[in-house]
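First up is the structure itself, then whatever we jot down about it.
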Amino acid sequence: MENKSWLTQLNLWLERSYAFVALGVVGAITVVVANWFIWPQYQRMQSAGILQYRDITHVLEQRRAYIADLAVMQQEYEALDHRITRAVDLALPGDYVAGPVYIEVEQLLQGTDYTVQSVNVAVDAVSSTSTTSAVYDIVTLSVNISAADAEVSYNDFKTLLSRIERYPHLLNLETLTYTPGTNAYTFVLKTYQRKTSL
140 MENKSWLTQL NLWLERSYAF VALGVVGAIT VVVANWFIWP QYQRMQSAGI
190 LQYRDITHVL EQRRAYIADL AVMQQEYEAL DHRITRAVDL ALPGDYVAGP
240 VYIEVEQLLQ GTDYTVQSVN VAVDAVSSTS TTSAVYDIVT LSVNISAADA
290 EVSYNDFKTL LSRIERYPHL LNLETLTYTP GTNAYTFVLK TYQRKTSL
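For what it's worth, the working numbering labels the leading residue of the sequence shown as 140, then goes sequentially.
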């Protein structure tokens, strides 16, 4: 009888607390299912998300480093471009219209029996720009120099060659013509200048 009374009491309690018992059973099943099925999937998804976040962060750091390298390269290029422009400024005389080369060539010929016969000017089509926005067209000057007299002394010839070698700007000796039987020499010199006026 004691067993019946105990079972009876349990049945009575279950009838009165049916809703609570049902909620408890559903809660227990939910916890078990969550632990066995949902929680491992959640852990996998979370770790995959962390790995993906790490990968994206790594790619982002690589891109930032690449952009920083590009900025450094751009600064170095601008410095190099500035140095090249400065070298061109030093190597080539100023605007050819102002005529510094004409004066300098006349100074080369002083004290010799040579004179300038002709000067040909050609503006090259290539323009270059620098970071300071200065635009240069390179002007080629071809200077034809020959003796004023039929004969020129060998010392005058050597003096002129020596002066050409020491000329402060870029100067090419394009042709040197010697006429046999006389001591006549003809020089064709080519030099370059900046044309800064557009």
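For each residue, glycine too, the CB sits at the ideal point set by N, CA and C.
Please state the DSSP three-state secondary structure of S285.
Looking at S285 - three-state DSSP - the assignment turns out to be strand.
Do the CB positions of Q332 and L280 come within less than 8 angstroms of each other?
The answer is yes: Cβ separation under 8 angstroms.
Give the range of the alpha helix (DSSP H) segment to which N294 is assigned.
Start and end: Y293 to E304.
Measure the C-alpha to C-alpha separation of I277 and L190 and round it to an integer number of angstroms.
Between I277 and L190, the C-alpha separation is close to 59 angstroms.
What is the residue span of the alpha helix (DSSP H) that T169 lies within?
Residues Y157 to V172.
Alpha carbon to alpha carbon, how far is S186 from A173? Give it in angstroms, no decimals.
Looking at the two C-alpha atoms, the distance is approximately 18 angstroms.
Count the other C-beta atoms from every protein chain shown that fall within 10 angstroms of the C-beta of I284, then say buried if there are 16 or more, exposed otherwise.
Buried: at least 16 other Cβ atoms inside 10 Å.
Are at least three pairs of beta-carbons, each pair with one atom in the stretch 292-304 and one in the stretch 239-248, less than 8 angstroms apart?
Contact between the stretch 292-304 and the stretch 239-248 is present, because at least three Cβ pairs lie under 8 angstroms.
Less than 8 angstroms between the beta carbons of L312 and V282, yes or no?
For L312 and V282, no; Cβs fall outside 8 angstroms.
Using the Cα positions of D252 and Y216, report the straight-line distance between them to the nearest angstrom.
Those two C-alpha atoms are separated by around 49 angstroms.
Tell me the start and end of each unbroken alpha helix (DSSP H) in the stretch 171-224 that is at least 4 residues and wholly inside, in chain order.
If we require 4 residues or more, the stretch 171-224 turns out to have no alpha helix (DSSP H) run fully inside it.
Return helix, strand or coil for T318, following the three-state DSSP convention.
Here T318 sits in strand by DSSP.
Determine the DSSP secondary structure at Q148, reduced to helix, strand or coil.
The answer is helix: DSSP assigns Q148 an H, G or I state.
By Cβ distance below 6 angstroms, which residues in the same chain neighbour T314 in space, the five residues on each side in sequence not counted?
Cβ within range, chain order: V327.
Spell out the partners DSSP gives T254 in its beta bridges.
Answer is S285.
So, for Y317: in the same chain, excluding its five sequence neighbours on each side, which residues have a beta-carbon less than 7 angstroms away from its beta-carbon?
Once the five neighbours on either side are set aside, the close Cβ partners of Y317 are Y324.
If you reduce the DSSP assignment to three classes, tell me which class Q332 lands in.
Strand.
Would you decide whether T330 is buried or exposed? Buried here means 16 or more other CB atoms lie within 10 Å of its CB.
Classification of T330: buried, given that the 10 Å Cβ count is 16 or more.
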